[in-house]
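Before any comments, here is the structure.
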Amino acid sequence: MTMKMQFLYTAALATALFGSAVHAQDKTVALANLGPHPALNAVVGGFKKGMADGGYAEGGDVAYEYQDASFDAAVVAQMIATLEASGPDLFLTVTTPISQAALRVVQDKSIPIVFAPVTDPVDAGLVPSWAGGSDRFTGASNLQSMETVFAFARDLLGDADTVGILFNPGDANDVVNVRYAERAAAEMGIELVTVSVEATADIPVRVDALKDTDVIYLIPSSMLQPALPAVAAAARRNGVPVINASPVGVEDGQILASMSVSWFEVGRQAGLRAARILDGEPVSAVDVYRPSPEDHSATVSAKYMEEFGMTLPEALADCGCVR
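Just add 1103 to wherever you are in the sequence shown, counting from 1, and you've got the numbering used here.
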């Protein structure tokens, strides 16, 4: 074999063995999370799975720099600035408040930002449409079908004509959820009672304002989800069952049930999109993931039903959803 032929053979072999991994070497992703919580942890885990599915395995092809704000809004801007200073190739911003803060704080406009979960990223001012991202942002939504939630409540409880919802008026996600809930309730003939919560200390008295409702639906709120135990305790005191937007609190019997999209899958979809961007696809060309009604799943607490003498209705007999 001549020297030229040996060189060409070696080059071809190197391309075959390593060419597919060249795109993925030495990437760094900054993970900015609002705080530690089972649902948000699932988003981060799903993101890493989506990245791996897209060719970016942790510890080999990509390294992650993680920080969270411990649900303290006062430290969010500094956290994001610190992460930017580490020189990431891409940001994951977990929750709407973190994503909106990144829009303001990140100075290097060339760093792509992938969000998950943001209920309505168009309404939040992150992307121009669901069909594609902005020049900087795309990601995955956890927008739930309120029609699916309310239909499940009726199947589960039989009498769910009045639904209560707590919301934080200062959180764009919460406001959007209420708007979608109002629309679905009007179409389904449900009376919707909404009560604002400006601080977690106010939760017990605000839950008391929903004592005459048939069920409380706990939306995927950055303030309310971490405060689930307080919501559950006040609702129990008033004898009002709670359906959560996350399975958290169901199996241990804090609340009756959940109707939710998979937070892990929301994160995985964000990770798949991040991998495409790191491969060179323009952010604006990457669509935003939006869950379909088929992406929802129910969980019902066996412990809660036993405690309150409830039985699973015929409409849900084959759901396979009791835990």
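Where a beta carbon is used, it is the ideal one built from N, C-alpha and C, also for glycine.
Residue i - partner residues in DSSP beta bridges
i	result
residue 1346	1320 and 1360
residue 1134	1169 and 1195
residue 1294	1265
residue 1161	1165
residue 1303	Partner(s): none; residue 1303 has no beta bridge.
residue 1392	1243
residue 1399	1364
Straight-line Cα distance separating residue j from residue i
i	j	result
residue 1225	residue 1233	7 Å
residue 1300	residue 1326	9 Å
residue 1218	residue 1179	15 Å
residue 1247	residue 1394	7 Å
residue 1371	residue 1250	25 Å
residue 1305	residue 1353	23 Å
residue 1391	residue 1228	13 Å
residue 1269	residue 1164	43 Å
residue 1084	residue 1158	Only positions 1104 to 1426 of the chain appear in the structure, and residue 1084 is not among them; the question remains open.
residue 1339	residue 1380	46 Å
residue 1191	residue 1132	5 Å
residue 1172	residue 1149	20 Å
residue 1330	residue 1347	12 Å
residue 1198	residue 1223	11 Å
residue 1279	residue 1136	21 Å
residue 1343	residue 1182	39 Å
Classification of residue i by the beta-carbon crowding that lies within 10 angstroms, buried from 16 upward
i	result
residue 1377	buried
residue 1335	buried
residue 1328	buried
residue 1308	exposed
residue 1169	exposed
residue 1365	buried
residue 1203	buried
residue 1239	buried
residue 1212	exposed
Nearest-angstrom beta carbon gap, residue j and residue i [assumed within contact, 8 Å]
i	j	result
residue 1318	residue 1266	6 Å
residue 1277	residue 1271	5 Å
residue 1220	residue 1189	Rounded, the Cβ-Cβ distance is 24 Å, inconsistent with contact.
residue 1142	residue 1349	5 Å
### Query
How about the segment 1255 to 1271 and the segment 1231 to 1245: do they share at least three Cβ pairs that are nearer than 8 Å?
no
### Query
Is the number of C-beta pairs between the segment 1259 to 1269 and the segment 1235 to 1246 that are closer than 8 Å three or more?
no
### Message
For the structure I just gave you, are there three or more beta carbon pairs, one from the segment 1358 to 1368 and one from the segment 1394 to 1414, closer than 8 Å?
### Response
yes
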